[in-house]
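Residue numbers (this note's numbering), protein chains in the order written: chain A, 14 to 312; chain B, 603 to 1193.
In structure tokens, the structure reads:
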């Protein structure tokens, strides 16, 4: 979202609402902390913040933020947020959800929000497991991992969210790890400032049902947190982004940072341009008289 | 029933039913539309009826026009005139002509058969006459306009006005197109038909009011705009689609937009997002699409989001009869979701009524913070009627986005008051902002599974509909206020039911007919009226079901515990004919 209007700087206290219901050690706490950091830093007016979510542990997010919020049905946060963003371009629309909500039941909407380049920020807290329903296989669960729905180990190939986002036409795609708060802050800040559909995939461990899932990306657990080298890359190249995306499969955890950052007209701008054009053509005619003219043509 | 012998004066017709039968690519729909538009601009009443095949192009198709100088209530049981373009149109539709009717057929295409019902056959070479008039390559083009010219001459319709309508229609296209249309029209108009007299239509009475003609989907779309709706989202499905097409191009003129979505689920969710954001939004579909929207509808009910949902009903479950009429989504509209999810259901009864129903749906959705479903149907959606232009000074709702500051007392879900959301962008004096949710919540919007709270919130969502039921206008009523039989109808059966009522009264029975506009909640006190009749008959275009009652009849029996409520059902994908209703009523009255 480009150039947020200056406002009185919010404090963390002002941004906090209900106490999070997440389990101790859940990666989602860090996402919440990081979100507070960036909203404060960017001085987004309090009343202009809207938090949108679907269903799942991470989708409880709006209750924990003192802002306008809407907790919606499973998998449909993106079309809901699209409706908010397109009809209210003055708002800063944030969507929060998990891998099941965003990549499985809501997979279709992800593709279409990306191709439409709707102006909003989408944070996926990917824990590679269904947590709220207590340990079933998710669309990103790796092959072989045992769960209640795959007692002999997952057999379906997991989806590659990064590759899917590249293919769908998202204009800002980033990837981070909830143990790396500074990096997460940077990714959120850039996502919020990006005009268009911005997705941040955060590897957020489920401490209850899939502990250790992302140790490979956590140096403190012996993993590597390797950054995308933005200087030597063409950040607008979908081919290069796709190559990086494939690394997350072949050489997990792959690299962290911005995979793709390109400019394309947003759906918001295109719709607005049409409206402005029509309004200019209509001129001073009131809405009611416009309808009267329409009736005249039907006589 | 249309009856051309009931003349206004010895020399003029009060009404005429003309059936055009051909293939959809011949433009017979546009002949009907031209006649309807002429009727609209000449103070006549008109109602059209069409069938289209559920295929991309081609296929047999009919367009029936009922012209009248008085009230026209239905498309006509039987045709006074059949215009047959092909052999199969002739073979399949000759039976639709009344005894003594007129059949005009394309003598280049049709072999007539001997008919014993006193039908006047007139062969006119539509094809070769048009080719000759327009020059070699015309082939099938222009036949429809040729026929239009012929009909204008036979019924002595206003030739100048019709020429103007044609000029307006084709004016935007190339000069040749308009020239050809005018040549075809004039050729048809001048075509010598010796075997019948001209049958001039009696003029209608406009009473100084402006009149327009349109189909139901158009009026529904315009009603939404008049009701203050500026945003919406949907997915295409017959016969809903033309509403979304119109809104897509109309909303931007009024400062809004309409979004085509990837699926029905996205569509309803996007519309909920727009409504949550402070605009009253619309989504719509036809039966199968409404089924897909069910979960989100439950959410809108739980979260108390104002939303207008249009369902243009078609036939059958599943893909069913996509281009035919039925009234079998009533239960789905009222109950189709999970949990107790109250919502409002309204049904327009005519094209004109589509406009007013849409405005009222917008008003109710906002006033009661609830989803409102408009149950239209394929017959109303596609047919054209002429009627008095709606009075916008009375029916216009100014569009507004409420961004007022919310004080410390603000609760998103107050138990004692109607829910009024604080859309994003509204500041809060205390800095506390509301969360709108589908989880059961307390008055402040916090999730709450407390048993007493759930009972209280469930009652809150129910009670506001009960409050609405006490403020609803009385259903429209015609005929005798007590007596032998009461018809209770809804939706597009209005015309035939009203006419059947009159036909039965003419035969000496004491008959009333009530048409229910507000299907859910029903108006309080409805049952008092039922008690004044010996029989209550509910004609519906849906199945009699396992227990022997149609969908509205089932609801009325459940609500009123009145065993006299009987069903009369039809599931042919066609509307009721007046004669069917009269026969059924007489069968019951004979007992």
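All residues carry an ideal CB built from backbone N, CA and C; glycine is no exception.
Taking 8 Å as the CB-CB cut-off, is residue 767 (chain B) touching chain A? no
Own chain, CB closer than 7 Å to residue 1081 (chain B), minus 5 neighbours either side, in chain order: 1103, 1107, 1113, 1114 and 1115
Using CA atoms only, rank isn't needed, just tell me which of A:62, A:58 and A:26 is closest to residue 46 (chain A). A:26
Inter-residue Cα distance where the pair is residue 832 (chain B) and residue 885 (chain B): 11 Å
Quick one, which of B:898, B:1167 and B:748 has its alpha-carbon nearest residue 622 (chain B)'s? B:748
Shortest alpha-carbon distance to residue 184 (chain A) belongs to which of A:162, A:277, A:32 and A:68? A:277
Cα-Cα, which of B:723, B:840 and B:812 is closest to residue 795 (chain B)? B:723
Go to residue 1059 (chain B), then tell me how far its alpha helix (DSSP H) extends in each direction, as first and last residue. 1053-1073
Tell me, please, whether the region 234-253 of chain A touches the region 262-270 of chain A by the rule of three or more beta-carbon pairs shorter than 8 Å. yes
C-alpha gap between residue 826 (chain B) and residue 205 (chain A), whole angstroms: 35 Å
Do residue 1048 (chain B) and residue 1078 (chain B) have their CB atoms nearer than 8 Å? no
Since residue 665 (chain B) and residue 634 (chain B) should fall inside the 8 Å C-beta cutoff, what is the C-beta to C-beta distance between them, to a whole number of angstroms? 4 Å
Closest Cα partner of residue 760 (chain B) within the set B:803, B:931 and B:944: B:803
Let me see if you follow: with CB-CB separation under 8 Å, is residue 107 (chain A) close to chain B or not? no
Using a Cβ-Cβ cut-off of 6 Å (strictly less than) and excluding sequence neighbours within five positions of residue 83 (chain A), which residues of its own chain qualify? 65
So with Cβ pairs under 8 Å, would you call residue 1159 (chain B) a contact of chain A? no
If I follow the unbroken alpha helix (DSSP H) through residue 1089 (chain B), where does it start and stop? Careful: residue 1089 (chain B) lies outside any alpha helix (DSSP H), inside the beta strand (DSSP E) at 1085-1091.
Below 8 Å between beta carbons: does that hold for residue 889 (chain B) and residue 850 (chain B)? no
Cβ of residue 1196 (chain B) less than 8 Å from any chain A Cβ? Residue 1196 (chain B) lies beyond the stretch modelled for chain B, which goes from 603 to 1193, so this question has no answer here.
Counting along the chain, where does the beta strand (DSSP E) carrying residue 107 (chain A) start and finish? 105-111
Nearest chain D C-beta to residue 56 (chain A) closer than 8 Å, yes or no? Judged by its chain identifiers, the structure shown contains no chain D, and its protein chains are A and B.
Please tell me whether residue 111 (chain A) and residue 71 (chain A) are closer than 8 Å, where the distance is taken between their beta carbons. yes
Continuous alpha helix (DSSP H) assignments of at least 4 residues falling wholly in the region 631-708 of chain B: 689-695
Looking at residue 223 (chain A): is its Cβ nearer than 8 Å to the Cβ of residue 108 (chain A)? no
Which residues bound the beta strand (DSSP E) around residue 174 (chain A)? From DSSP, residue 174 (chain A) is part of no beta strand (DSSP E) but of the alpha helix (DSSP H) over 174-181.
For residue 215 (chain A), the first and last residue of its enclosing beta strand (DSSP E): 210-216
Which residues in the same chain as residue 14 (chain A) place their Cβ atom closer than 6 Å to its Cβ, once the five residues preceding and following it in sequence are excluded? Reliability fails at residue 14 (chain A), whose pLDDT of 43 lies under 50, so the model's placement of it is uncertain and no value is given.
Under a three-way DSSP split, which group does residue 614 (chain B) fall into? coil
Partners in chain B for residue 226 (chain A), counting only beta-carbon separations shorter than 9 Å: Residues of chain B passing the Cβ test: none, with the nearest at roughly 28 Å.
Suppose you measure from the CA of residue 969 (chain B) to the CA of residue 1086 (chain B); what does that come to, to the nearest Å? 40 Å
Spatially closest choice to residue 212 (chain A) from A:189, A:165, A:297 and A:299, by CA coordinates: A:189
Of all the alpha helix (DSSP H) runs that stay within the bounds of the region 207-269 of chain A, which reach a length of 4 or more residues? 251-263
Quick one, which residues of the region 1042-1053 of chain B are near chain A if we go by CB-CB under 8 Å, in chain order? 1048 and 1049
If you measure from the beta carbon of residue 1133 (chain B) to each beta carbon in chain A, is any gap under 8 Å? no
With burial defined as no fewer than 16 other Cβ atoms inside 10 Å of the residue's Cβ, what is the status of residue 159 (chain A): buried or exposed? exposed
Extent of the continuous beta strand (DSSP E) run through residue 1025 (chain B): Premise fails: residue 1025 (chain B) is in no beta strand (DSSP E) and is neither H nor E.
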